[in-house]
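K.L.:
Submitted below is the structure of interest, expressed as structure tokens.
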């Protein structure tokens, strides 16, 4: 990784039409920037989708990528942020062997220590869930993995909301609709 | 048909096929009799339809339209779509598609057009049902022509073509997620004006944006008030007339010598509707580092893309130029402007004179272009193909009238010239269209001679034949140890080809016959092919080798 790269988070708002995701990711591909994580969901505004994308980049590059994305006709707004400007969460799911969990009480203690929750238990497996920052979720995986009890593990993409006090996308759309 | 009519379409360049047959059947009635409202120009290859639409759009300012079938019909248009994207040319390509029930089944002549076109078009959309036609067509034209123009692709499945609905016109003139004309930032304009008012050596770089914004007069007022010399990009050549006292020539790799060197001396560089292409800037690490950069562009994503700006003014130049003009002081830069003269003189003696007035040897491209420019009417439109013919033509042609140049700048599409020239004759029927081509590019869309024949399209074709892919050959000679790898070409008898298509033809071998032959070409009604036997291994000069500093421009090899 180059020295001046950072993990940036892009928040992109688009109309809910087919093919936008393709157009957005193509901007990254063209510049050979890997997407670290990607989450797409409906936003608080009806008919508007929100994309949360993270990528390692320098600021110049991420600025160009953001503008190229915003240029797409059906993209409403695209902005990039650093972690200090956002409230960020990810989720981890851990499928553990119930036999091993029962055999070693240290496993349950670890789950509690990491503030994770056990959401389902049956004779074969136990599902543990944790939300938090990337590092915490990975750390829990490493801790559990040390007990050799993990059957499956997955981590979600990042979701984020801005720490700013103004809702810029709603304001932008309001202004546009006035015309 | 009614949707196209509502958008003011008059000319359609197209080629029928299976998936677009219902539309062609409807077109039959709209191209004849009392319902007639369109001319349909049957091209000979779909690539030709897109370039013709580009040529039409470039000279008329209207949206060019191409109508083709699915599968190979539309894959043939991709080069033209990409060309229009890079050169900001408004065209709408409407393509047939298999019925939506057959989509994704590898049906006959099915391709994922929306997917293919996405990275090379401004917008691509599939019209899945007839009730979407009015909205989608109107939106397509709105997007193609507004803001920074570009190509729009409509994928039109057969079921949507045959479904019957009650016609309900829809006019799209607003898309909430798309801001074609950004609001002018007055603070940025003030800062730009400050820089210009304090500049000792200002230099303006003019791009096609001035033509697209129809701001040629606003540009003149701006330049004249502050007495700023201006270079033009290849696509911006006719934005400022050649004979304007502040015009200092063409930018770029094969542009004029003085302006390339002066980019490294100016203290304020004002870029207007241009995108700092690598063919203009050469090595970005050294480009205009001494200067404060002002960039006026309608497309925010162009700002800081290649050259970092001091002040960016993101707006239509029709609006930003007058705003800037009102804030700048009347000024004079005689000394600065005079400093261009000795460099111009050097280029004139070393390059221009030998190119346009050679005393002996075979014909040169420069002299052919110069001779045509001397005899052609002032409002003649220059169309070029790509390669040496393009560089010589753009260098030595004279521009007096706005929207006078069609050339493939960004994509550099060989084969662009002939079909684009056809489109130009329909876009500006009252003007002469001169199309310069090399023997390579002439053969890349040679089938369009059929279109020219059928339409009697008055394209004056100047075929500058040097039996080489001359530009590549020049690079091989300069940078690849003279290893001429597959650039020598065996040519057909062009006279026989012209005869086959019934197009008047004249060959010129000797210098003394050139002027009369041009006279004959220009005075002949309809199309004409003038074949000039050009010196085989001539080079376009001056030249900045690719990736080099612009002030390392060479006047000789």
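Protein chains in written order, with the working numbering: chain A, 1459 to 1637; chain B, 31 to 587. Ideal Cβ positions, reconstructed from N, Cα and C, are used throughout, including at glycine.
If I measure Cβ to Cβ from residue 160 of chain B and keep anything under 6 Å in the same chain, skipping five residues before and after, which residues do I get?
P.N.:
Against the second chain, residue 160 of chain B aligns to sequence position 130. The residues are 190, 193, 195.
K.L.:
Since residue 474 of chain B contacts residue 445 of chain B with CB under 8 Å, what's their CB separation in whole angstroms?
P.N.:
Here residue 474 of chain B refers to the residue found at position 444 when the second chain is read from its first residue. Here residue 445 of chain B refers to the residue found at position 415 when the second chain is read from its first residue. That pair is a contact at about 3 Å.
K.L.:
Does the structure place the segment 115-135 of chain B close enough to the segment 73-89 of chain B that three or more beta carbon pairs sit under 8 Å?
P.N.:
yes
K.L.:
Within the 9 Å Cβ cut-off, does residue 153 of chain B reach chain A?
P.N.:
Numbered from its first residue, the second chain carries residue 153 of chain B at position 123. Yes, because at least one Cβ of chain A sits closer than 9 Å to the Cβ of residue 153 of chain B.
K.L.:
Among the residues of its own chain, which have a CB less than 8 Å from the CB of residue 266 of chain B, if the five just before and after it don't count?
P.N.:
Against the second chain, residue 266 of chain B aligns to sequence position 236. Closer than 8 Å at the Cβ level, and outside the excluded window around residue 266 of chain B, lie 236, 237, 238, 239, 240, 241, 303, 304.
K.L.:
First and last residue of the alpha helix (DSSP H) that includes residue 140 of chain B?
P.N.:
Looking up residue 140 of chain B in the second chain gives position 110. Counting along the chain, residue 140 of chain B falls outside any alpha helix (DSSP H), and DSSP gives it neither H nor E.
K.L.:
Between residue 513 of chain B and the rest of its own chain, which residues show a CB-CB distance below 7 Å, the 5 nearest in sequence each way excluded?
P.N.:
Here residue 513 of chain B corresponds to residue number 483 of the second chain, with the count starting at 1. Excluding positions up to five away in sequence, the list reads 506.
K.L.:
Could you check whether the Cβ of residue 207 of chain B sits closer than 9 Å to any Cβ belonging to chain A?
P.N.:
Here residue 207 of chain B refers to the residue found at position 177 when the second chain is read from its first residue. Yes, its Cβ sits closer than 9 Å to a Cβ of chain A.
K.L.:
Which residue wins for smallest C-alpha separation from residue 183 of chain B, given the options B/104, B/176, B/391?
P.N.:
Numbered from its first residue, the second chain carries residue 183 of chain B at position 153. With distances taken between Cα atoms, residue 183 of chain B lies closest to B/104.
K.L.:
Look at the alpha carbon of residue 1468 of chain A and the alpha carbon of residue 1604 of chain A, and state the distance between them as a whole number of angstroms.
P.N.:
Mapped onto the first chain, residue 1468 of chain A falls at position 10. Mapped onto the first chain, residue 1604 of chain A falls at position 146. Cα to Cα, residue 1468 of chain A sits roughly 34 Å from residue 1604 of chain A.
K.L.:
Terminal residues of the continuous alpha helix (DSSP H) containing residue 366 of chain B?
P.N.:
Taking the second chain and counting its residues from 1, one reaches residue 366 of chain B at position 336. Here the alpha helix (DSSP H) through residue 366 of chain B covers 364-368.
K.L.:
CA-CA distance, residue 164 of chain B and residue 200 of chain B?
P.N.:
What you label residue 164 of chain B is simply residue 134 of the second chain in a count that begins at 1. What you label residue 200 of chain B is simply residue 170 of the second chain in a count that begins at 1. If I take the Cα positions, the gap works out to 5 Å.
K.L.:
At a Cβ cut of 7 Å, what residues of the segment 61-93 of chain B count as close to chain A, listed as they run along the chain?
P.N.:
none
K.L.:
If the cut-off is 7 Å on Cβ atoms, which residues from the segment 413-446 of chain B count as contacting chain A, listed in chain order?
P.N.:
none
K.L.:
In chain B, what lies closer than 8 Å to residue 1484 of chain A by C-beta?
P.N.:
Position 26 of the first chain holds residue 1484 of chain A. Those are 148, 149, listed as they occur along chain B.
K.L.:
Any beta carbon from chain B within less than 9 Å of residue 1625 of chain A's own beta carbon?
P.N.:
The residue labelled residue 1625 of chain A in the question sits at position 167 within the first chain. Nearest CB-CB separation between residue 1625 of chain A and chain B: not below the 9 Å threshold.
K.L.:
Run through the segment 498-565 of chain B for me and flag every whole beta strand (DSSP E) of 3 or more residues, listed as ranges in chain order.
P.N.:
535-538, 558-563
K.L.:
Could you give the DSSP three-state label for residue 1578 of chain A: helix, strand or coil?
P.N.:
Sequence index remark: in the first chain, residue 1578 of chain A carries index 120 (1-based). Strand at residue 1578 of chain A.
K.L.:
Pull up the distance between the alpha-carbon of residue 247 of chain B and that of residue 340 of chain B, whole angstroms please.
P.N.:
Taking the second chain and counting its residues from 1, one reaches residue 247 of chain B at position 217. Taking the second chain and counting its residues from 1, one reaches residue 340 of chain B at position 310. Whole-angstrom Cα-Cα distance: 26 Å.
K.L.:
Which value, in whole angstroms, describes the spacing of the CA atoms of residue 388 of chain B and residue 257 of chain B?
P.N.:
Within the second chain, the letter at position 358 stands for residue 388 of chain B. Within the second chain, the letter at position 227 stands for residue 257 of chain B. Answer to the nearest angstrom: the Cα atoms are 35 Å apart.
K.L.:
For a test of the three-state rule: what should DSSP assign to residue 227 of chain B, helix, strand or coil?
P.N.:
The sequence position of residue 227 of chain B within the second chain is 197, counting from 1. Helix.
K.L.:
Determine, using beta-carbon pairs with one atom in the segment 1484-1501 of chain A and one in the segment 1614-1629 of chain A, whether at least three such pairs fall under 8 Å.
P.N.:
yes
K.L.:
Could you check what DSSP says for residue 124 of chain B in three-state terms: helix, strand or coil?
P.N.:
The sequence position of residue 124 of chain B within the second chain is 94, counting from 1. If DSSP states are grouped into helix, strand and coil, residue 124 of chain B belongs with the strands.
K.L.:
Would you list the residues sitting across from residue 234 of chain B in a DSSP beta bridge?
P.N.:
Here residue 234 of chain B refers to the residue found at position 204 of the second chain. In the DSSP output, where bridge partners are listed per residue, residue 234 of chain B has B/260, B/300.
K.L.:
Counting only Cβ pairs nearer than 8 Å, list the residues of chain B close to residue 1529 of chain A.
P.N.:
Your numbering for residue 1529 of chain A matches position 71 in the first chain. What residue 1529 of chain A touches in chain B: 329, 330, 331.
K.L.:
Please classify residue 1563 of chain A: does DSSP put it in a helix, a strand, or coil?
P.N.:
Looking up residue 1563 of chain A in the first chain gives position 105. Here residue 1563 of chain A sits in helix by DSSP.
K.L.:
Please state if the CB of residue 187 of chain B and the CB of residue 152 of chain B are separated by a distance shorter than 9 Å.
P.N.:
Your numbering for residue 152 of chain B matches position 122 in the second chain. Your numbering for residue 187 of chain B matches position 157 in the second chain. No, the Cβ-Cβ distance between residue 152 of chain B and residue 187 of chain B is not below 9 Å.
K.L.:
List the residues of chain B whose Cβ lies closer than 7 Å to the Cβ of residue 1489 of chain A, in chain order.
P.N.:
The residue labelled residue 1489 of chain A in the question sits at position 31 within the first chain. Within 7 Å Cβ-Cβ: nothing; residue 1489 of chain A doesn't reach chain B, min ~12 Å.
K.L.:
Select from the segment 173-185 of chain B all residues with a C-beta closer than 8 Å to any C-beta belonging to chain A, and list them in chain order.
P.N.:
From the segment 173-185 of chain B, only 173 have a Cβ closer than 8 Å to chain A.
K.L.:
Terminal residues of the continuous beta strand (DSSP E) containing residue 465 of chain B?
P.N.:
Translated into the one-based positions of the second chain, residue 465 of chain B becomes position 435. Residue 465 of chain B -> beta strand (DSSP E) spans 463-468.
K.L.:
Does residue 1610 of chain A have its Cβ less than 9 Å from a Cβ in chain B?
P.N.:
Taking the first chain and counting its residues from 1, one reaches residue 1610 of chain A at position 152. With 9 Å as the cut-off, residue 1610 of chain A does not count as an interface residue toward chain B.
K.L.:
On the three-pair Cβ rule with 8 Å, is the segment 308-316 of chain B touching the segment 563-578 of chain B?
P.N.:
yes
K.L.:
Report the neighbours of residue 1526 of chain A on chain B: residues whose CB is nearer than 8 Å to its CB, in chain order.
P.N.:
In the first chain, counting from the first residue as 1, residue 1526 of chain A sits at position 68. Neighbours of residue 1526 of chain A on chain B, chain order: 331.
K.L.:
Alpha carbon to alpha carbon, what distance is there between residue 516 of chain B and residue 510 of chain B?
P.N.:
Counting from one through the second chain, the residue named residue 510 of chain B turns up at place 480. Counting from one through the second chain, the residue named residue 516 of chain B turns up at place 486. Straight-line Cα distance between these residues: approximately 13 Å.
K.L.:
In the DSSP assignment, what are the bridge partners of residue 1539 of chain A?
P.N.:
By 1-based counting over the first chain, the position of residue 1539 of chain A is 81. In the DSSP output, where bridge partners are listed per residue, residue 1539 of chain A has A/1467.
K.L.:
Could you pull out every residue in the same chain whose Cβ sits closer than 8 Å to the Cβ of residue 336 of chain B, ignoring the five residues on either side in sequence?
P.N.:
Residue mapping note: residue 336 of chain B aligns to position 306 of the second chain, counting from 1. Here the set comprises 305, 306, 307, 308, 311, 314.
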